[in-house]
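Chains as they are written, first to last, in the working numbering: chain B, 62 to 280; chain P, 62 to 280.
Protein chains: 2
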Amino acid sequence: MAYLDVYEAMRTTRAVRRLRPDPIPDDVLRRVVEAATWGPTGGNRQPWRVIAVRDVAKKRRLQELYEGPWRAYSAGYRDVLAAATDEVRARDGRMLAAADYLAAHLGEAPVILVFCFNAGLMAITDAALDRPSVVGGASVYPSVQNALLACRAEGLGCTLTTLLCVNEPEVKEVLAIPAEWGTCAFVPIGYPVGRGHGPLNRRQLETMAYADTWGAPLS
Amino acid sequence: MAYLDVYEAMRTTRAVRRLRPDPIPDDVLRRVVEAATWGPTGGNRQPWRVIAVRDVAKKRRLQELYEGPWRAYSAGYRDVLAAATDEVRARDGRMLAAADYLAAHLGEAPVILVFCFNAGLMAITDAALDRPSVVGGASVYPSVQNALLACRAEGLGCTLTTLLCVNEPEVKEVLAIPAEWGTCAFVPIGYPVGRGHGPLNRRQLETMAYADTWGAPLS
């Protein structure tokens, strides 16, 4: 288990969508999942669970269930892209090609992590507001991020997807997930076909962070 | 900037609620916020922004807005705890005492990070399901977790709270947040009064992770 600086890990953890089918050793997988358990949750309730799917038939079924949502999402994305600049079209076109590859090979990833949550164990503080609620995610996605960073440390490619939520009833049937639990993240992981993790494409800090007031640049 | 192993960072990042008022150097704060920008988001849209609140009057106002929700939440928590075992009551009682301290001193933290999100920039794949939606959080809480891990690396205490969402309209007014943006995470940060980050109190891996089917222990 290599020693990796936390800043270096965060700076180089990106979506890796082309994965080799080679198996992931049990101890490596356990380290990735254990890192997730260290994430913070509201009231330390830990209202999530993860299913590590390695069964070939179940992974194939998840791939089938992914196809429809991916086709719909990517068609919309390509429509938007048609009107974009050449630079954006080239960059996002590469991303879409990799995501097409993932959709066509999801079932071949050695492991798909399926994160589940129980809203009944959460205090969702934005539930009554007149806008989409996101706060339930505060008790599961920090843990998912830990898993992604652990993958980076282990040399495993991975990407966070939520598209399978569209077909949640079918996913729950495949994995025997109880009625009161929902699904919220799907992370195919495996050793990368290409270079794997590396430099990110992100907006500059100045456009993301403000000082004291919306829009005032952070000095 | 010290070198810190990513696993060590994740294993020791816990809620630190007693913070010293001493200022945080600008370059340290920038590193924490920049780490957040590296987090993954759906379609790489980065549909979040963060406001670093250092203004004393604004921090005091946030503390005032925190008091009501904290009083309501903690009263409910104490009711539950009254029926718990001695061990749980002692452990969670310590947590509640620290959280009471935070509520009474929130405005004295040198910085409060306020994370905002724009649902219009998100593909919320679980919006149509017959259960609370959490997927919008997938495009902001991984970034929040990066900020917490960066705080850990910098020796800064921090904790993720969402209680101020209860008073979101007032918070938006204080910080001039535009109508189409919501608030989703509040992270007071500062150098710790006590030991700061350290060992976690979490459920065992075996109770959190399953293999292929709900409830089947991960080997």
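Glycine residues also receive a C-beta, built at the ideal position from the N, C-alpha and C atoms.
Just measuring C-alpha positions, the residue of B:A189, B:A70, B:G103 and B:S194 sitting nearest N179 of chain P is B:S194.
Residues are counted here when their Cβ sits less than 8 Å from a Cβ of chain B; for the stretch 92 to 112 of chain P these are R92, V94, E95, A96, A97, T98, W99, G100, P101, G103, G104, N105, Q107, W109, R110, V111 and I112, given in chain order. Among the CB atoms of chain P, one or more fall inside 9 Å of the CB of A214 of chain B.
Interface criterion not met: the Cβ of Y162 of chain P is under 9 Å from no Cβ in chain B. Interface annotation, A143 of chain P: not in contact with chain B, CB-CB separation never under 9 Å. Close partners of I238 of chain P in chain B (Cβ separation under 7 Å): W275. In this structure, the CA atom of C212 of chain P is about 40 Å from the CA atom of E234 of chain B. Chain-order list of chain P residues neighbouring S280 of chain B: D87, by C-beta distance under 8 Å. Closest option to N207 of chain P, judged by alpha-carbon separation, among P:D191, P:V111, P:A160 and P:L167: P:V111. For Y271 of chain P, the beta-bridge partners assigned by DSSP are B:I112 and P:P278. Listed along chain P, the residues sitting closer than 8 Å to S194 of chain B by beta-carbon distance are P193, S194, V195 and G197. Per DSSP, reduced to three states, the secondary structure at A246 of chain P is strand.
Judged by DSSP in its simplified three-state form, T222 of chain B adopts strand.
Around G181 of chain P, the same chain offers E241 as residues with beta carbons nearer than 7 Å, after the five sequence neighbours per side are excluded.
The DSSP-derived three-state label of V67 of chain P is helix. Under a criterion of Cβ atoms nearer than 7 Å, the residues of chain B adjacent to I185 of chain P are, in order, P193. Exclusion of the five residues before and after V117 of chain P leaves G168 as the residues of its chain whose Cβ lies within less than 8 Å of its Cβ. When C-beta atoms of the stretch 66 to 82 of chain P are compared with those of the stretch 186 to 204 of chain P, fewer than three pairs fall below 8 Å, so the two segments do not count as touching.
Per DSSP, L174 of chain P is not a residue of any alpha helix (DSSP H); the beta strand (DSSP E) it occupies stretches across V172 to F178. For the stretch 243 to 257 of chain P, the set of positions with a beta-carbon nearer than 7 Å to some beta-carbon of chain B reads G243, C245 and A246 in chain order.
Bounds of the alpha helix (DSSP H) holding G129 of chain B are V117 to A143.
Contact between L126 of chain B and L225 of chain B is confirmed by a C-beta separation of about 6 Å, below the 8 Å threshold. In this structure, the alpha-carbon of G154 of chain B lies about 16 Å from that of L261 of chain B.
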